[in-house]
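These notes concern the structure reproduced below.
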Amino acid sequence: MDGGGRLDRSLRSPGSKADSLKRADSLRGAGLLKEANLIRLAASGAGILLREQIAKLKRARAERLDARARNPNRAITFLERHVPRRLGAALTIIILGGSAALGVVAGGHVDAAIGALSDTRNALANAAGFRITSVTVNGRTQLTQDEVLAAGGVNGRSSLLFLDASGVRDRLKADPWIADATVLKLYPGALQIDITERRPFALWQENGKLSVITDDGTVLEPYVTRRFASLPLVVGKGAETRARDFLALVANYPVVNSQLKAAIFVGERRWNLRLKDGLDIRLPETDVGRALAALVKYDREDKLLSRDITAIDMRLPGRLTVRLSEEAAKAREEQFKKSSKKAGSA
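Residue numbering for the sequence shown follows our numbering, beginning at 107 and increasing consecutively.
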């Protein structure tokens, strides 16, 4: 012992190492024990899961066997197991709806069904405050307001919310009286319609049927009321499209135009004039203006249009032929006989 403690340290060091080794062994043993416990727990959990899975498979197999025993049809069994619930009810509704739609189409009730749906929809909109309470129609002279609304398909059941303005406009323009139309929806309940009407130009007669036409030949009405009785009358196939230019030409000769009753288009080639006193004037195919000027000249010089004649034929250029009435023909024949007797006695 040197008093520095070296001998004491050397004597204590073996004991300290032994203690350290014991503690290390103890720790290793505890770790191994812990790992063993974890392994046992994992094995136990896996066993539980395996048992549950086996039990589930057994139950599923038992259910299949039971279902097969109740229903030997495998296809039905498969559908019962794999088809989603309530699909049968949905398919039933679809089939019933399809059958109803097929019945509507086959029975020719499509328009009625659509009308019923439209009325229902409009009724709901009207109840919500979109009823049409004010209607203004501008530009009408020949049509009444009710006729305009009927042409546009607007009625007392229509609602402003579901009113198709472009559809109303198209239906209005399909009416022969209406050349153009504008439809304006003013919420919540006002409707404004502006129309441009076509003007009646003449009466057109073909095959005994009388119609009101425009200057381009569009038929406005297949019948005639008193308000159109003063319009000029044109007769014959093709007369409706040629009348504007011809009547404009006749208007340049007031003597003839003032007495005109009807203009007759013959063979789609030329015109005849029927005057109010029944006189027929047969005009040529060409140079109609020159023929009318010559007719006015003859009337001015010889009172041709006032004579007792029934027809004037001007179809040949430079030649005018007249046909006397029966009375005038008899009078002329008697006068000719008298003249012949005087000449014979002389």
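Note that CB positions come from ideal geometry on N, CA and C, so glycine has one too.
Range of the contiguous alpha helix (DSSP H) that encloses residue i
i: Ser-272; result: 271–279
i: Val-356; result: 345–356
i: Asn-363; result: 360–363
i: Leu-398; result: 394–408
i: Glu-253; result: 251–258
C-alpha gap between residue i and residue j, whole angstroms
i: Leu-355; j: Gly-395; result: 7 angstroms
i: Lys-403; j: Asn-358; result: 14 angstroms
i: Ala-453; j: Ala-308; result: Examination of residue 453 is not possible in this model, given that the chain is present from 107 through 452 alone.
i: Gly-295; j: Ala-234; result: 11 angstroms
i: Gly-259; j: Ile-370; result: 39 angstroms
i: Leu-156; j: Ile-200; result: 45 angstroms
i: Gly-245; j: Gln-251; result: 10 angstroms
i: Thr-247; j: Asp-414; result: 44 angstroms
i: Asp-322; j: Glu-346; result: 7 angstroms
Nearest-angstrom Cβ-Cβ length linking residue i and residue j, presumed shorter than 8 angstroms
i: Lys-291; j: Leu-269; result: 6 angstroms
i: Leu-366; j: Pro-390; result: Contact flag wrong, Cβ pair sits at about 18 angstroms.
i: Val-362; j: Ala-349; result: Not a contact, Cβ separation roughly 16 angstroms.
i: Ala-287; j: Leu-278; result: 4 angstroms
i: Ser-272; j: Asn-228; result: The Cβ separation is near 17 angstroms, so there is no contact.
Collapsed DSSP secondary structure at residue i in the structure displayed
i: Thr-288; result: strand
i: Arg-305; result: coil
i: Asp-225; result: helix
i: Lys-315; result: strand
i: Ser-150; result: helix
i: Asn-232; result: helix
i: Arg-167; result: helix
i: Leu-337; result: coil
i: Gln-159; result: helix
i: Leu-411; result: helix
i: Arg-332; result: helix
Residue interval of the beta strand (DSSP E) (run including residue i)
i: Ala-417; result: 415–419
i: Tyr-380; result: Looking at the sequence itself, residue 380 is Arg, so the reference to Tyr does not match. Unbroken beta strand (DSSP E) run through Arg-380: 376–381.
i: Ala-369; result: 366–372
i: Leu-422; result: Looking at the DSSP string, Leu-422 is not in any beta strand (DSSP E), and its letter there is neither H nor E.
i: Glu-327; result: 325–327
i: Asn-105; result: Shown here, the chain extends from 107 to 452; a query on residue 105 therefore has no answer.
i: Asp-386; result: 386–388
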